[in-house]
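Have a look at the structure below before the remarks.
In this note's numbering, the protein residues as written are 146 to 227.
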């Protein structure tokens with residue numbers, strides 16, 4: 146799924162699309178991640194005004210609308226360490 150498709154799905158679910166949310170979506174959809182903290186650090190490298198709570202909330206929203214699955218993120222992390 147592309148970032149644009151995720152943004153469209155967020156809009157369909159009544160979410161406002163802010164600069165910070167778009168950045169978080171771009172980071173998530175553009176990289177393999179192993180944890181919420183990894184996503185947070187990648188987002189912070191691009192915009193240090195984004196708080197960890199914002200990232201966690203956005204991950205929860207994406208999970209709620211079926212875009213991501215936290216279990217998959219953990220499995221990716223374990224594969225990278227193995």
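All C-beta atoms in this analysis are idealised placements derived from N, C-alpha and C, irrespective of residue type, glycine included.
Remember, predicted model here, so these are calculated numbers, not experimental data.
Whole-angstrom Cβ separation of residue 154 and residue 212, contact assumed at under 8 Å? 6 Å
Put residue 210 into one of helix, strand or coil per three-state DSSP. coil
7 Å Cβ shell around residue 201 - same chain, five flanking residues per side excluded: 181.
Does the ligand PLP have even one heavy atom less than 7 Å from the beta-carbon of residue 211? Although the ligand PLP was asked about, the structure shown includes no ligands whatsoever.
Let me know if residue 215 comes out buried or exposed under the rule of 16 or more other beta-carbons within 10 Å of its beta-carbon. exposed
Based on Cα-Cα distance, which residue from 147, 175 and 193 lies nearest to residue 165? 193
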